[in-house]
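Since the structure comes first, as structure tokens, the remarks are kept for the end.
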Amino acid sequence: MSMLKLIAPLAGWATRLEEVPDPAFSQKMVGDGIAVDPTSSELQAPCDGVVVSIHASGHACTLRAATGAEILLHIGLDTVNLRGEGFTVRVREGQRVKAGEPLISFDMDLLARRARSLLTVMVVVNGEGYSIASRRQDRAVSLGEPLLEIEGGERAPEEAAAGATAERAVRLLIPNGLHARPAAVFSRHARMHPGSVSVANGGRVANGKSVVALMGLGAKHGDTLTLTVQGAEAGQRLQALVDLVSSGLGDAIQPIVETPAATAPAPRASLPVALTPYAPGVPALFKGTPAAPGIAVGIAVRVLETQLELTQRGQGQAEEQRRLTHALTSVRQEIEVMIEGESGAARTEIFRAHLVLLDDPDLNDAALQSISSGHSAEWAWRSAIELHVGMLQRLENALLAERGGDLRDIGRRVVALLTGQSGSRVPENLPDNAILVADELMPSDLAAVPPGRLAALCTAHGGPTSHVAILAAGLGIPAVVAAGDSALRVPNGAAMIVDGERGEVHVHPSAELQSATLRSLAERATRREAHLARAHEGCHTLDGRHVEIFANLGRPGDAASAASQGAEGCGLLRSEFLFLERSTEPTEEEQTAQYQHIAQALGGRPLVIRTLDVGGDKPLAYLPLPREENPVLGLRGVRVSLRHPDMLRTQLRAILRVKPEGVCRVLVPMVTSAHEMRAVRIMLEEERRALGVSTPVALGAMIEVPVAAMLSDRIAREADFLSIGTNDLTQYGLAMDRGNPHVAAQLDGLHPGLLRLVASTVEGARKHARPVAVCGGIASDLRAAPLLIGLGVDELSVSPAVIPGLKAFIRTLSMSQCEKTARQALELENGDEVRALVTSTWPGL
Ligand code: PEP
Ligand code: MG
């Protein structure tokens, strides 16, 4: 066993890896080691060794020491985004270096401004067989000072120095890439060699003896692998391994066909096949998924999928990298100009998310890797996009899969710019009341249309939570998505009615149907005007019972519009919007800024922020959670937060820092027992004291699990308020997955059993004089409102758009009638009976 001593590669503060705000490092996924917060700007070799790889962006390199240990040195966090700017690499791959020799110099000022952190990480990446014998951390270190001792390695330093190094490149010819089985074959052979074996692909290097590391290379069909063998008989060993790879490692091989000016396949599997259009003048009706509310009468404008022609082969790595960087910068500028001066609106946030996607390190890495294997920038970018779209789709999470549309959108913009083709698919001259009909629409299609020019949207694909649907709702235009081939049969110029509430689309509707629809739209508008006129007044029943009407918010941009529609506060901010679809955790500052922005938009009204509700079917890219058989019954909501208390504390601190003190309340999701509330309370109070916040912050529990409703008195003892999440309560109460279409029809929030759980929650809360809100979907259903009020619920937190009408309806109710009807509803057998009871009691509904 040999000992490798590593000296400090930078002067600065040596800190433990667990402190690095990037789970890949803090959870030691990359390897074990140490981090340095640097005060010097030249990264030096921590030991004698060979430079086995330098990252294409110049921000990281890997050294192999004589003991075989491979040391990754990674300057700053997310610095791959700088794409080489600010870094000067002082060595080349394969070069032997002595401890203390310069490896990479960097511009400290630029990094301080542009990188997420300067923390520089030094870890052993081929950890198998090595362990850290000592480390000096939590202290200032000067350059060259001893920092780490790594025990292990197969050969003594002298032996390794004596052994030769041999290196060869070989193409991977397995259609499925270096997956588990061939990786295992390779590692088995590599292990027969007493010296070290490494495999490099693009910027990544793996220990050839580790199956996991080899799979982590992401090597695909056609990639060029660089094999390096060190030690006795290195040349012979290398030849044997090269032969093994060339022969397919036990898999069938498929030769690479190089097509110098080949055209890439279309990004979607196929273009829509020609379908028979609906016959002129013959009324037709089809259904899709309602995605944005409203009804519109208008004229179809077909948006056709166009195929951008691509050249596969590049003009050399440096030139293609330059082209890609230039295209990314131009697209970034185009988007920045488009959203300049806007803030908070859904549209701005969507395009801000596109800016983040443009900078995504994994996406950029994948594109750079493809460029380094000889591809053009446009080919590389589109392959990287398709790779990531595929990854999202494989997650089997509808929400994330719908984000594929955003990736394809930025993919298209960048490729259009690189190839000088037009990225916009919407015709410039739109008729009045244009209804866009497409296979799938992308956010940038809508961004290109001047406001007020569109009446509605209808697409064959896409989902109701896609960003296009959100944009449509923001523009106030109805949308029906996922209508399948029927949508593609609509001829250009056909008269249409799109009903974004029922998901119905009429093609060639009769003149009578068109005028009846226009008449009912006008009546609806008059009613809404009247409701809006009183939306800002408080909401009391006829006999004076005050019911608070709050809004549910899922994005910062909705707050101002919710307030303008009469919301008395936000009863549920689903803070996931800040966490999902990111590759890194949002910082405390980022979170505070967003919450502050929302608090301001609410103009001093209370803001209930739900702590992160992820896990199960809502995975976080940067938070490794175990794969579960039944994710909905597994690590979700507060269970995840209590397993990752640092993440929860960061969010609590961010909430506590919002001004004015006390405007925010904290709501904990998926509470099952009182002890979870006690645990969160302790953290909240500790952080409050540490921040010197003197105003107590209210802490609420979401009641979404049946036992929590039954033991609500126990939970209410530990909470300042309760808020019933009927979406999950229905799912868990009826044992029906809320995302499962086979049981969607029976998933009824008005089931009397669920109303009994609401009654039980209110009863438990009353014992401790705690207010109860309902923030699940049924609160927005006018037929549920009188029952919930009758059961004693104090607050309804609803979709902003229903607030004016809901307030108007509650003003017509009497408490005694609500209580009586609620008591009767508890005795019924199913949701249909409950609805019949409500509509017979209040016939206007
Ligand atoms: C609920 O479950 O009712 C709820 C409001 O939370 P979500 O829909 O975000 O799970
Ligand atoms: Mg829920």
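Count the sequence shown with my numbering and you get residues 1 to 845, in order. Cβ coordinates follow ideal geometry from the N, Cα and C atoms, glycine included.
Would you kindly work out how many angstroms separate the C-alpha atoms of G294 and V480, rounded to a whole number?
So the alpha carbons of these two residues sit roughly 10 Å apart.
Tell me, to the nearest whole angstrom, how far the beta carbon of A853 is from that of L488; I am working on the premise that it is less than 8 Å.
With the chain covering only 1 through 845, there is no way to say anything about residue 853.
Consider the C-beta atom of D728 and the heavy atoms of the ligand MG; say whether any pair is separated by less than 8 Å.
A distance criterion of 8 Å places the beta-carbon of D728 in contact range of the ligand MG, judged by its closest non-hydrogen atom.
Are P606 and C664 close, meaning C-beta to C-beta below 9 Å?
Remark: C-beta atoms of P606 and C664 approach each other more closely than 9 Å.
Taking all protein chains shown into account, do 16 or more other C-beta atoms lie within 10 angstroms of the C-beta of G615, making it buried, or fewer, making it exposed?
By the neighbour-count rule (16 or more Cβ atoms within 10 Å), G615 is buried.
Could you name each continuous alpha helix (DSSP H) segment of 4 residues or more that falls completely within the stretch 405-451, going from the start of the chain to the end?
Taken in chain order, the complete alpha helix (DSSP H) segments of 4 or more residues contained in the stretch 405-451 are 443-447.
To the nearest angstrom, report how far apart E833 and V20 are at their CA atoms.
Computed Cα separation, rounded: 57 Å.
I believe L782 touches F809 by the beta-carbon criterion, under 8 Å. Please report the beta-carbon distance rounded to the nearest angstrom.
With 8 Å as the limit, L782 and F809 qualify as a contact, their Cβ atoms being about 5 Å apart.
Tell me which residues share the same chain as E718 and place their Cβ nearer than 6 Å to its Cβ, disregarding the 5 neighbours each side in the sequence.
Excluding positions up to five away in sequence, the list reads A674, M677 and R678.
With respect to 8 Å, is the separation between the Cβ of M702 and the closest non-hydrogen atom of the ligand MG below this value?
Answer for M702: yes, Cβ within range of the ligand MG.
Within 10 Å of its beta-carbon, does P9 have 16 or more other beta-carbons around it, so buried, or fewer, so exposed?
P9 should be labelled buried.
Compute the Euclidean distance between the alpha carbons of S2 and A35, then round it to the nearest angstrom.
Straight-line Cα distance between these residues: approximately 23 Å.
Find out if the Cβ-Cβ distance for the pair R528, P804 is shorter than 9 Å.
Yes, Cβ-Cβ distance for R528 and P804 is below 9 Å.
So what does DSSP say about S270, is it helix, strand or coil?
At S270, the pLDDT of 37 sits below 50, so the modelled position is not reliable and the matter cannot be decided from this model.
Residues that H644 bridges to, as DSSP identifies them
Per DSSP, none; premise fails for H644.
With a cut-off of 8 Å on the beta carbons, I'd call N433 and G298 a contact; round off their distance for me.
Under the criterion of beta carbons closer than 8 Å, N433 and G298 qualify as touching, at roughly 3 Å.
Quick test of the definition: if touching needs 3 or more C-beta pairs under 8 Å, does the stretch 163-179 touch the stretch 238-252?
Contact holds: three or more Cβ-Cβ distances are below 8 Å.
Return the first residue and the last residue of the beta strand (DSSP E) that M496 is part of.
Boundaries of the beta strand (DSSP E) harbouring M496: A495 to D499, taken from the DSSP string.
Between the stretch 709-716 and the stretch 760-777, do at least 3 Cβ pairs fall closer than 8 Å?
Yes, since at least three Cβ pairs between the stretch 709-716 and the stretch 760-777 fall closer than 8 Å, the two stretches touch.
Quick check: is any heavy atom of the ligand PEP less than 8 Å from the C-beta of C570?
Incorrect: C570 has no Cβ contact closer than 8 Å to the ligand PEP.
Mind listing, in chain order, the continuous beta strand (DSSP E) runs of no fewer than 3 residues lying wholly within the stretch 116-181?
Entirely contained in the stretch 116-181, the beta strand (DSSP E) runs reaching 3 residues are, in chain order, 120-124, 130-135, 139-141, 146-152 and 164-171.
I think L667 touches R681, with their Cβ atoms under 8 Å apart; what is that distance to the nearest whole Å?
Beta-carbon to beta-carbon, L667 and R681 are separated by about 13 Å, too far to satisfy the 8 Å threshold.
Any chance the stretch 123-133 sits against the stretch 78-93, with 3 or more Cβ pairs inside 8 Å?
Verdict: no, contact absent.
Quick one: is the Cβ of R574 within less than 8 Å of any heavy atom of the ligand PEP?
Because some heavy atom of the ligand PEP lies under 8 Å away, the Cβ of R574 counts as near it: yes.
Nearest by alpha-carbon distance to A112: which of S40, I339 and R545 is it?
Ranking S40, I339 and R545 by Cα distance to A112 puts S40 first.
W13, DSSP secondary structure in three states:
Of the three classes helix, strand and coil, the one that applies to W13 here is strand, per DSSP.
Counting along the chain, where does the beta strand (DSSP E) carrying T88 start and finish?
Unbroken beta strand (DSSP E) run through T88: F87 to V89.
A456 (DSSP reduced to helix, strand or coil):
In this structure, A456 counts as strand in the three-state DSSP scheme.
Length of the line joining the Cα atoms of A300 and L355:
Using only the alpha carbons, I get a separation of about 32 Å.
Which of helix, strand or coil does DSSP assign to V793?
DSSP places V793 in coil when its eight states are reduced to three.
With 16 as the cutoff for other CB atoms within 10 Å, does T276 come out buried or exposed?
Taking every protein chain shown into account, the CB of T276 has fewer than 16 other CB atoms within 10 angstroms, so this residue is exposed.
How many whole angstroms separate the CB atoms of V505 and C458, which I take to be in contact at a CB cut-off of 8 Å?
That pair is a contact at about 5 Å.
For A11 versus V141, is the C-beta distance shorter than 9 Å?
In this structure, V141 lies closer than 9 Å to A11 by Cβ.
Do P102 and the ligand PEP come close, with the Cβ less than 8 Å from some heavy atom?
P102 Cβ: outside cutoff for every heavy atom of the ligand PEP.
Expressed to the nearest angstrom, what Euclidean distance is found between the alpha-carbon atoms of L652 and L684?
One C-alpha to the other measures close to 6 Å.
Please classify T62: does DSSP put it in a helix, a strand, or coil?
Strand at T62.
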